[in-house]
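Sequence lines, in order, name chains D and S. The first sequence begins at 7 in this note's numbering and counts up one residue at a time. The second sequence begins at 46 in this note's numbering and counts up one residue at a time. Each residue gets a CB set at the ideal place from its N, CA and C atoms; glycine is no exception. For reference, the structure is listed below as structure tokens.
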Amino acid sequence: MSEPRTLLAIDHLSKNFGRVTAVDGISLDIRENEFFALLGPSGCGKTTLLRMLAGFETPNDGRILLDGRDIARTPPNKRPVNLMFQSYALFPHMSVRANVSYGLEMERLPANEIRSRVDAILATTELVPFADRKPEQLSGGQKQRVALARALVKRPRLLLLDEPLGALDKKLRGAMQLELKRLQHEVGITFVIVTHDQEESLVMADRMAVLKDGRLLQCDTPHAVYEHPADRFVADFIGVMNFVPGKVTADGVLAANGARITGKVPAALSPGASAVASVRPERIRLFPSVETANRTTGTVEALAYQGLDLQLHIRTPLSPKPFLVRVTADAAGRRPVSAGDTVELGWDPADVRIFAE
Amino acid sequence: MRFTIVSPTRLRSSLLMAPALAWLTALMVVPCALVLALAFFRRGIYGGIEYTFTLENFGLVFDPLYAGIFLNSARIAGTATLIAVIIGYAAAYAISAAPRRLQPVFLFFAVLPFWSNYLIRTYAWIVLLNREGLITQLLRWFGYTGEPPSMLYTEGAVIAGLVYNYLPFVILACYAPLSRLNPELAEASRDLGASALTTFRRVILPLTVPGIAAGAVFVFVLSIGNFVTPALLGGGRFQMIGNLVYDQFLTANDWPFGAALAMALIAIMLLVLMTQALLADRAAGRAAEARGDADG
Numbered sequence: 007m008s009e010p011r012t013l014l015a016i017d018h019l020s021k022n023f024g025r026v027t028a029v030d031g032i033s034l035d036i037r038e039n040e041f042f043a044l045l046g047p048s049g050c051g052k053t054t055l056l057r058m059l060a061g062f063e064t065p066n067d068g069r070i071l072l073d074g075r076d077i078a079r080t081p082p083n084k085r086p087v088n089l090m091f092q093s094y095a096l097f098p099h100m101s102v103r104a105n106v107s108y109g110l111e112m113e114r115l116p117a118n119e120i121r122s123r124v125d126a127i128l129a130t131t132e133l134v135p136f137a138d139r140k141p142e143q144l145s146g147g148q149k150q151r152v153a154l155a156r157a158l159v160k161r162p163r164l165l166l167l168d169e170p171l172g173a174l175d176k177k178l179r180g181a182m183q184l185e186l187k188r189l190q191h192e193v194g195i196t197f198v199i200v201t202h203d204q205e206e207s208l209v210m211a212d213r214m215a216v217l218k219d220g221r222l223l224q225c226d227t228p229h230a231v232y233e234h235p236a237d238r239f240v241a242d243f244i245g246v247m248n249f250v251p252g253k254v255t256a257d258g259v260l261a262a263n264g265a266r267i268t269g270k271v272p273a274a275l276s277p278g279a280s281a282v283a284s285v286r287p288e289r290i291r292l293f294p295s296v297e298t299a300n301r302t303t304g305t306v307e308a309l310a311y312q313g314l315d316l317q318l319h320i321r322t323p324l325s326p327k328p329f330l331v332r333v334t335a336d337a338a339g340r341r342p343v344s345a346g347d348t349v350e351l352g353w354d355p356a357d358v359r360i361f362a363e
Numbered sequence: 046m047r048f049t050i051v052s053p054t055r056l057r058s059s060l061l062m063a064p065a066l067a068w069l070t071a072l073m074v075v076p077c078a079l080v081l082a083l084a085f086f087r088r089g090i091y092g093g094i095e096y097t098f099t100l101e102n103f104g105l106v107f108d109p110l111y112a113g114i115f116l117n118s119a120r121i122a123g124t125a126t127l128i129a130v131i132i133g134y135a136a137a138y139a140i141s142a143a144p145r146r147l148q149p150v151f152l153f154f155a156v157l158p159f160w161s162n163y164l165i166r167t168y169a170w171i172v173l174l175n176r177e178g179l180i181t182q183l184l185r186w187f188g189y190t191g192e193p194p195s196m197l198y199t200e201g202a203v204i205a206g207l208v209y210n211y212l213p214f215v216i217l218a219c220y221a222p223l224s225r226l227n228p229e230l231a232e233a234s235r236d237l238g239a240s241a242l243t244t245f246r247r248v249i250l251p252l253t254v255p256g257i258a259a260g261a262v263f264v265f266v267l268s269i270g271n272f273v274t275p276a277l278l279g280g281g282r283f284q285m286i287g288n289l290v291y292d293q294f295l296t297a298n299d300w301p302f303g304a305a306l307a308m309a310l311i312a313i314m315l316l317v318l319m320t321q322a323l324l325a326d327r328a329a330g331r332a333a334e335a336r337g338d339a340d341g
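In structure tokens:
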């Protein structure tokens, strides 16, 4: 496969409202036909970044290059970029068809072309039976599809989605995640989605950017972000992580209780510095059969059965917070444990990530 | 035969409604009925009423002279309404676009004139428009030396007075739907390629029409029947129906004709109000959905 082309280059973009810096010198590239997620806790600047891409906010500094052309100061109606609003913002006085046609009428396209393109997108989004309804007569999921159809029919270079699944209930959300992926492949348009839900971005995105306090912490594939978080915040924010605080040694971290956690120490950390060693819950084995470098003993505090797997809260001397351990239901069935039991834990040095405290 | 027993809740709500109904009957329905009855009698030779049935009074309403006054009143009221709606809508739009915490302050100032007497407010315009009034003095201060402009006792003065007095109604009526409009609707329109003007014409305006209609009807109905403003600012030279009715009852002593004129005026107002109610009913659904909260 050839190297994917960069569609959108965000270059040292900054935005402040008065004394509050919402976006602080962010640079990142979004590639052609990519499903890209902007992820972060509320107030991290992801919505401001999205609104700058749509043209509703003007950056104080930096450039937004779309196909190499700086659009940072282009008004929203002159950008080949469309936004799907979190509230959907459907025009309440117009039918579904009129809502979807609106954007094409603004392009002054011939009536028959508008009709055929609207028909096509209504079919793709399975909205044909609702074409003559008003937004108030639609369910949440249907409104969401209208909002999507209204933006997609314009065939934008870039489609921005602001928390598109936020208003849906959990079950519908799962279905819509896959639906959005399918649609994105079908229409071949670059999607940029804003979300605070890390699971959502892991499931949907080809690549994702993690933001905090207006800064970019990491930009990579979900797999890379999950396996090699850039720092302690990302490690904690994406998925679940167990942390062992301590001091950096030559080959790992010395925990407060004197236990040694072996793992690869990043070059930036010098011995003696405060650091945390971390490990994912699914990388920890109960009653390790082979001699592993990292071991500890703990007491089971609580168990949560979750169908496919079993989650255990285990109190260990390594950290003030209990360890979260996830084992498959199969493995748990071979040697059942219950609350109050003392168990052996073990994990590989290769699964240990060490971060500055 | 079956007996119907009035349920206690219905009885209670009837009792609660009774004072208001009595009030309306005594002070609204009965006087209106009396005036209506009056319109079908003849005028006595020396001013009194001769109790013989006639339709003459209504025929006279359509006399070119009086029909002309009706048309003129409608024109003046219509002009005042148009100007008040344009100024009022713009003001309401500006207030709704201001920071949230400042909006009540601006609304307070918009309604402030209401707290003074209508007559005093109208007299204030005489002070302004007088040949040697404030406006002339201001012009002099800027170096104007010619004849003072004649502004008072013109149709323009009457319209200015009407617009000034009823503007707060329009501002309040237009502010309500504008402030409830989800700002993302305008952004969505811009995002889909519409200019600011097209966004206003195709999204904002249609969704706030109920407010405009309510405000406009208010100004029109109050203006077309007004007699204080045309009397004071028009100087008697610009008769409106209100003045005509006033004259019939108090000067010409032709109560039956005055009653017929009053009835014609009421008919016009009812027509306007009913049209507005019909339109508002149709738009009610849209307005409910236009609120941002409706679609989460």
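What is the residue span of the beta strand (DSSP E) that residue i lies within?
i, result
"Glu350 of chain D", "Thr348 to Trp353"
"Asp35 of chain D", "Val26 to Arg37"
"Asp257 of chain D", "Element bounds for Asp257 of chain D: n/a, residue is neither H nor E."
"Gly304 of chain D", "Asn300 to Tyr311"
"Leu330 of chain D", "Phe329 to Thr334"
"Ile199 of chain D", "Thr196 to Thr201"
"Gln284 of chain S", "Gln284 of chain S -> no beta strand (DSSP E), and no H or E assigned at all."
"Met90 of chain D", "Val87 to Met90"
"Leu316 of chain D", "Asp315 to Arg321"
Can you look up residue i in the DSSP assignment and give me helix, strand or coil?
i, result
"Val358 of chain D", "coil"
"Ala339 of chain S", "Unreliable positioning characterises Ala339 of chain S in this predicted model, as indicated by a pLDDT of 40, which lies under 50. A coordinate reading is not provided."
"Gly172 of chain D", "coil"
"Asp219 of chain D", "coil"
"His99 of chain D", "coil"
"Leu164 of chain D", "strand"
"Ile267 of chain D", "strand"
"Arg139 of chain D", "coil"
"Gly242 of chain D", "A small correction: the amino acid at residue 242 of chain D is Asp; Gly does not occupy that position in the sequence shown. Of the three classes helix, strand and coil, the one that applies to Asp242 of chain D here is helix, per DSSP."
"Met46 of chain S", "Any reading at Met46 of chain S needs caution, since the residue's pLDDT is 49, under 50, leaving its predicted position unreliable; the model's value is listed next. Reduced to three states, the DSSP call for Met46 of chain S is coil."
"Ile132 of chain S", "helix"
"Thr12 of chain D", "strand"
"Pro275 of chain S", "helix"
"Leu208 of chain D", "helix"
"Met7 of chain D", "Its pLDDT being 49, under 50, Met7 of chain D is placed unreliably in this model, and the value from its coordinates should be taken loosely. Coil, per DSSP."
"Gly68 of chain D", "strand"
Under DSSP, the alpha helix (DSSP H) around residue i begins and ends at which residues?
i, result
"His229 of chain D", "Pro228 to Glu233"
"Lys149 of chain D", "Gly146 to Leu158"
"Lys52 of chain D", "Lys52 to Ala60"
CB residue i to CB residue j, shorter than 8 angstroms?
i, j, result
"Leu223 of chain S", "Gly260 of chain S", "no"
"Lys21 of chain D", "Leu217 of chain D", "no"
"Gln293 of chain S", "Leu306 of chain S", "yes"
"Leu314 of chain D", "Ala338 of chain D", "no"
"Ala262 of chain D", "Gly278 of chain D", "no"
"Val106 of chain D", "Val152 of chain D", "yes"
"Met314 of chain S", "Gly270 of chain S", "yes"
"Ala281 of chain D", "Glu363 of chain D", "yes"
"Asp138 of chain D", "Arg103 of chain D", "yes"
"Leu275 of chain D", "Ile360 of chain D", "yes"
"Leu83 of chain S", "Ala304 of chain S", "yes"
"Arg321 of chain D", "Pro287 of chain D", "no"
"Ile16 of chain D", "Ile70 of chain D", "yes"
"Leu215 of chain D", "Leu34 of chain D", "It should be noted that the sequence gives Ala, not Leu, for residue 215 of chain D. Yes."
"Leu230 of chain S", "Phe97 of chain D", "yes"
Between residue i and the ligand FMN, is the CB less than 7 angstroms from at least one heavy atom?
i, result
"Leu171 of chain D", "Among the ligands in the structure shown, none appear at all, so the ligand FMN cannot be discussed."
Name the residues in the region 62-94 of chain D whose C-beta lies less than 7 angstroms from a C-beta of chain S; which are they? Within the region 62-94 of chain D, the qualifying residues are Phe62, Pro82, Asn83, Asn88, Leu89, Phe91, Ser93 and Tyr94.
Can you give me, in chain order, the residues of the region 220-250 of chain S that have a beta carbon less than 8 angstroms from any beta carbon in chain D? Residues passing the 8 angstroms Cβ filter: Asn227, Glu229, Leu230, Glu232, Ala233, Ser234, Arg235, Asp236, Leu237, Gly238, Ala239, Ser240, Thr243, Arg247 and Val248.
Which residues, in order along the region 251-269 of chain S, keep a beta-carbon less than 7 angstroms from a beta-carbon of chain D? Answer in chain order: Pro251 and Leu252.
Does the structure place the region 144-152 of chain D close enough to the region 166-174 of chain D that three or more beta carbon pairs sit under 8 angstroms? The region 166-174 of chain D, when compared against the region 144-152 of chain D, does touch it at the 8 angstroms Cβ threshold.
Residues, ordered as in the chain, of the region 105-123 of chain D that lie near chain S by beta-carbon distance below 8 angstroms: Here the close residues are Tyr108, Gly109, Met112 and Glu113.
Can you pull out the residues from the region 27-61 of chain D whose beta carbon lies closer than 7 angstroms to at least one beta carbon of chain S? Cβ contacts with chain S: Ala60.
For the region 179-196 of chain S against the region 104-116 of chain S, are there 3 or more C-beta pairs whose distance is under 8 angstroms? No contact exists between the region 179-196 of chain S and the region 104-116 of chain S.
Determine, using beta-carbon pairs with one atom in the region 187-204 of chain D and one in the region 27-46 of chain D, whether at least three such pairs fall under 8 angstroms. By the C-beta criterion, the region 187-204 of chain D is judged to be in contact with the region 27-46 of chain D, since at least 3 inter-stretch pairs fall below 8 angstroms.
So does the region 22-29 of chain D actually touch the region 49-68 of chain D, counting three or more Cβ pairs closer than 8 angstroms? The answer is yes - the region 49-68 of chain D touches the region 22-29 of chain D, with three or more Cβ pairs under 8 angstroms.
If we count Cβ pairs, one from each stretch, closer than 8 angstroms, do we get three or more for the region 242-257 of chain D versus the region 73-82 of chain D? Too few Cβ pairs lie closer than 8 angstroms, so no.
Can you find at least 3 beta carbon pairs, one from the region 300-311 of chain D and one from the region 63-70 of chain S, that sit closer than 8 angstroms? Contact between the region 300-311 of chain D and the region 63-70 of chain S is absent, because fewer than three Cβ pairs lie under 8 angstroms.
When the Cβ atoms of the region 293-309 of chain D are set against those of the region 346-357 of chain D, are three or more pairs found closer than 8 angstroms? Verdict: yes, contact present.
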